[in-house]
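Trainee:
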Amino acid sequence: SHQNNQERIDLSLPSIQHILPLTQLASNDLSVMKAIVQISELKNHLSTAINKLESCKLALCHGWRSLQVKGLLDRYQTEIIKYDEQVARNSSKIDGSNSLVSLKKMSEVLEDKVAFEKVAENWYESSLTMSQILAERNIWYFHFIQPNQYYSTERVFSPEEKIFIIEGHPYAIGVRKGYPVLFSKVNSLKEAEVNIFNTVNIFDEEKEIVYRDACCHYNMIGQTILEEYIVNSIKTIMEKEDIN
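First residue of the sequence shown: 8, per our numbering; consecutive thereafter.
1. Measuring alpha carbon to alpha carbon, tell me which of Leu117, Leu74, Ser138 ends up nearest glutamate 200.
2. Quick one: Cα of threonine 160 to Cα of aspartate 17, how far?
3. What is the DSSP secondary structure of proline 52, counted as helix, strand or coil?
4. Please determine, among Glu167, Lys242, Ile172, the residue with the shortest C-alpha to C-alpha distance to phenylalanine 149.
5. Helix, strand or coil: which one does DSSP assign to isoleucine 173?
6. Could you round the C-beta distance between isoleucine 87 and glutamate 167 to whole angstroms and report it? I think they count as a contact, below 8 Å.
7. Return the CA-CA distance between leucine 74 and threonine 85, expressed in angstroms with no decimal places.
8. Please say whether tyrosine 218 and glutamine 156 have beta carbons closer to each other than 7 Å?
9. Identify every residue that forms a DSSP beta bridge with asparagine 202.
10. Pull up the DSSP beta-bridge partners for tyrosine 218, would you.
11. Leaving out five residues before and five after threonine 55 in sequence, what residues of the same chain have Cβ atoms less than 8 Å from its Cβ?
12. Which residue wins for smallest C-alpha separation from asparagine 205, given the options Cys223, Phe151, Phe171?
13. Looking at the secondary structure, which residues open and close the alpha helix (DSSP H) in which lysine 112 lies?
14. Straight-line CA distance for lysine 64 to aspartate 211?
15. Does the count of Cβ pairs from the segment 231 to 246 and the segment 181 to 199 closer than 8 Å reach three?
16. Going along the chain, which residues of its own chain have a beta-carbon closer than 6 Å to the beta-carbon of alanine 179, five neighbours each way excluded?
17. If you draw a straight line from the C-alpha of arginine 72 to the C-alpha of tyrosine 131, how long is it?
Written out as structure tokens, the structure reads:
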């Protein structure tokens, strides 16, 4: 949503990085889609290389795989930056009269404080509404705020994992400025009996690498930690309900 604000795209819509490729695909502009495919392939290669690095037993293997990972990461980061610049260049076309699909832009870029408050309010209302709708149908609803490497906690990142933190990454500002505003709504959701959980600290004691890219995604270790937290949280709530 931070990027949407910068490009004057409505804050309630999905990220411009997701909308733009679809609108351009409908308008027969495949350049952004090609860039996404290339980034996806690089990410897969990087993930494979990291897995091989983690399984190395010998110093020679570790040295070679480290160089391979560094090379792939440099390429991946370069392509991410190029893609972000391409999205910014092409965003002016999203409301163009020549496009098959177009979106009306906001009249101006909002101040960060105003924009993030609007985002948080949309987020709050969406979660509350989903919880209420499902409650009327006797369906459980659970909401989890996931950890992100761009939101600082007590976790100490190893040099190997720090490669997944890019200071100029397009998502970094949104996480650092947006998460605190989301957290300010958590108590209100709990008071409305929404089952919401803040998981941002669950990796703090884990020594192994848990992230697998510079966006927000986890490797198998990270996924397992999050899955176990989710399962235990749901189990606790359901058992408490059975007791009552």
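Here a beta-carbon is modelled for each residue, glycine too, at the ideal position from N, C-alpha and C.
This structure is a prediction, so every number in the text was calculated from the model and none was measured.
Mentor: Considering the structure as presented:
1. Locating residue 200 in the sequence shown gives position 193, where the first residue counts as 1. Among Leu117, Leu74, Ser138, the Cα nearest to that of glutamate 200 belongs to Ser138.
2. Stepping through the sequence shown from its first residue, residue 160 is reached at position 153. Stepping through the sequence shown from its first residue, residue 17 is reached at position 10. Taking the straight line joining both Cα atoms gives about 30 Å.
3. Locating residue 52 in the sequence shown gives position 45, where the first residue counts as 1. Here the sequence assigns histidine to residue 52, which means proline is not the residue at that position. Residue state, collapsed to three classes: helix.
4. To locate residue 149, count along the sequence shown from 1; it is residue 142. Looking from the CA of phenylalanine 149, the closest CA among Glu167, Lys242, Ile172 belongs to Lys242.
5. Counted from its first residue, the sequence shown places residue 173 at position 166. Correct three-state label for isoleucine 173: coil.
6. Residue 87 sits at position 80 when you count from the first residue of the sequence shown. Residue 167 sits at position 160 when you count from the first residue of the sequence shown. Going by Cβ atoms, the distance from isoleucine 87 to glutamate 167 rounds to 19 Å, so no, they are not a contact pair.
7. Position 67 of the sequence shown, counted from the start, is the residue given in the question as residue 74. Position 78 of the sequence shown, counted from the start, is the residue given in the question as residue 85. Rounded to whole angstroms, leucine 74 to threonine 85 spans 17 Å at the Cα level.
8. Translated into the one-based positions of the sequence shown, residue 156 becomes position 149. Translated into the one-based positions of the sequence shown, residue 218 becomes position 211. Tyrosine 218 sits close to glutamine 156, with the two beta carbons spaced by under 7 Å.
9. Mapped onto the sequence shown, residue 202 falls at position 195. Asparagine 202 is bridged to Phe149.
10. For the purposes of this step, residue 218 is identified with residue 211 of the sequence shown, where counting begins at 1. Residue pairing of tyrosine 218 in beta bridges, as defined by DSSP: Tyr225.
11. The count along the sequence shown starts at 1 and reaches residue 55 at position 48. If the five residues before and after threonine 55 are omitted, its C-beta is found closer than 8 Å to no C-beta atom of its own chain.
12. As a first step, residue 205 must be located in the sequence shown, where it is residue number 198. Nearest Cα to asparagine 205 within the set Cys223, Phe151, Phe171: Phe151.
13. In the sequence shown, counting from the first residue as 1, residue 112 sits at position 105. Lysine 112 -> no alpha helix (DSSP H), and no H or E assigned at all.
14. The residue given as residue 64 occupies position 57 in the sequence shown. The residue given as residue 211 occupies position 204 in the sequence shown. Our two residues, lysine 64 and aspartate 211, have alpha carbons roughly 27 Å apart in a direct line.
15. The answer is no - the segment 181 to 199 does not touch the segment 231 to 246, with fewer than three Cβ pairs under 8 Å.
16. Here the question's residue 179 lines up with position 172 in the sequence shown. Cβ within range, chain order: Tyr157.
17. Position 65 of the sequence shown, counted from the first residue, corresponds to residue 72. Position 124 of the sequence shown, counted from the first residue, corresponds to residue 131. The C-alpha of tyrosine 131 is placed about 44 Å away from the C-alpha of arginine 72.
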